[in-house]
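What follows is a set of notes on a single structure, which appears directly below.
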Amino acid sequence: NAGVMQNPRHLVRRRGQEARLRCSPMKGHSHVYWYRQLPEEGLKFMVYLQKENIIDESGMPKERFSAEFPKEGPSILRIQQVVRGDSAAYFCASSPSWPAHMVGELFFGEGSRLTVL
Amino acid sequence: LAKTTQPISMDSYEGQEVNITCSHNNIATNDYITWYQQFPSQGPRFIIQGYKTKVTNEVASLFIPADRKSSTLSLPRVSLSDTAVYYCLVGEGNTDKLIFGTGTRLQVFP
Chain A
62 NAGVMQNPRH LVRRRGQEAR LRCSPMKGHS HVYWYRQLPE EGLKFMVYLQ
112 KENIIDESGM PKERFSAEFP KEGPSILRIQ QVVRGDSAAY FCASSPSWPA
162 HMVGELFFGE GSRLTVL
Chain B
32 LAKTTQPISM DSYEGQEVNI TCSHNNIATN DYITWYQQFP SQGPRFIIQG
82 YKTKVTNEVA SLFIPADRKS STLSLPRVSL SDTAVYYCLV GEGNTDKLIF
132 GTGTRLQVFP
């Protein structure tokens with residue numbers, strides 16, 4: 062049973078380009094969370110999605126950032142017109158059909174490291 | 032909303048017991064408390080989870096007082112390989128967000 066898969070593991074973009082980060086949750090998991098970790102800092106909540114629904118996006122910047130988790134395929138975190146301050150590690154986590162804060166753990170991927178030149 | 036806070040760093044020596052406390056005074060009634068370990072350039076790894084009182088597994092114990100506004104991760108007999116950052120993770124009261132604590136950087140010395 063494969064774990065949470067994130068790709069690309071490393072992504073380099075120039076300022077103004079778009080970055081797309083993908084997350085395939087564990088099999089049978091329908092809840093996905095995205096976190097951002099700036100260099101030498103902690104993990105900051107960005108967004109919580111269930112399939113075809115954004116449940117809580119209060120941690121995402123209002124502009125340039127969007128997330129989706131379609132019925133089929135991976136969850137995607139999209140950053141438009143990247144700036145240097147977007148350079149960070151972006152971690153995805155998944156949990157089974159119940160919300161993780163009720164019971165159960167989050168299973169994390171190894172992250173996607175975005176570098177903006 | 033109150034932050035979920037932890038000491039910034041702790042030092043220990045091999046073979047000692049380490050206790051790391053997390054303050055989460057906004058935890059909701061139904062929320063579990065989970066602890067994760069993170070090595071550089073890796074994703075967080077699950078250590079232990081609990082709801083109340085004490086939970087023990089093969090690597091750690093978790094102590095949760097009756098009011099559940101804090102929790103303490105206990106690592107018995109740490110080794111050099113336990114050098115990492117440790118995070119607590121709790122729900123943010125009455126929301127669906129899961130919030131990490133500020134993280135504790137544990138350095139284990141020989």
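Protein chains in written order, with my numbering: chain A, 62 to 178; chain B, 32 to 141.
Ideal Cβ placement from N, Cα and C applies to all residues, glycine included.
Interface positions of the stretch 112 to 132 of chain B facing chain A (Cβ-Cβ less than 9 Å), listed along the chain: Val116, Tyr118, Leu120, Val121, Gly122, Glu123, Thr126, Asp127, Lys128, Leu129, Ile130, Phe131 and Gly132
Residues, ordered as in the chain, of the stretch 63 to 74 of chain B that lie near chain A by beta-carbon distance below 9 Å: Tyr63, Thr65, Tyr67, Gln69, Ser72, Gln73 and Gly74
Neighbourhood of Met41 of chain B by C-beta distance below 7 Å, restricted to the same chain and skipping five residues each side: Val49, Ile51, Thr135 and Leu137
Assigned exposure category for Ala63 of chain A - 16 Cβ within 10 Å defines buried: exposed
Chain A contacts from the stretch 75 to 109 of chain B (Cβ-Cβ distance under 7 Å): Pro75, Phe77 and Gln80
Beta-carbon gap between Gly120 of chain A and Phe130 of chain A smaller than 8 Å: no
Beta-carbon neighbours of Gly46 of chain B, restricted to chain A and to distances below 8 Å: Those within 8 Å of Gly46 of chain B in chain A number zero; the least Cβ separation is about 28 Å.
Proximity of Asp117 of chain A and Lys128 of chain B at Cβ, strictly below 8 Å: yes
Within chain B, partners of Phe152 of chain A - CB distance below 9 Å: Gly74 and Pro75
Where the beta strand (DSSP E) containing His55 of chain B begins and where it ends: Neither: His55 of chain B is in no beta strand (DSSP E) and is coded neither H nor E.
Cα-Cα separation, Asp62 of chain B to Arg99 of chain B: 10 Å
Thr112 of chain B - DSSP class collapsed to helix/strand/coil: The question names Thr, but residue 112 of chain B is Ser in the sequence shown. The answer is helix: DSSP assigns Ser112 of chain B an H, G or I state.
Cβ shell of Arg139 of chain A (< 6 Å), same chain only, five flanking positions each side left out: Arg81 and Ser127
For Asp117 of chain A, the residue or residues it bridges with in DSSP: A:Tyr109
Where the stretch 79 to 90 of chain A meets chain B: residues whose CB sits under 8 Å from a CB there: none
CB contact check: Leu167 of chain A to chain B, cutoff 8 Å: yes
Any chain B beta carbon closer than 8 Å to Leu6 of chain A: Summary: the structure shown does not reach residue 6 of chain A, with chain A confined to residues 62 through 178, and so no result is reported for it.
Nearest neighbour of Asn56 of chain B, chosen from B:Arg108, B:Leu120 and B:Pro141 [CA to CA]: B:Leu120
Chain B within 8 Å of Glu124 of chain A, Cβ atoms only: no
Counterpart residues of Thr135 of chain B in DSSP-defined beta bridges: B:Tyr117
Any C-beta of chain B under 8 Å from that of Ser127 of chain A: no
8 Å Cβ cutoff, Ile115 of chain A in contact with chain B: no
Contacts of Ser119 of chain A in chain B (Cβ-Cβ under 9 Å): Thr126 and Lys128
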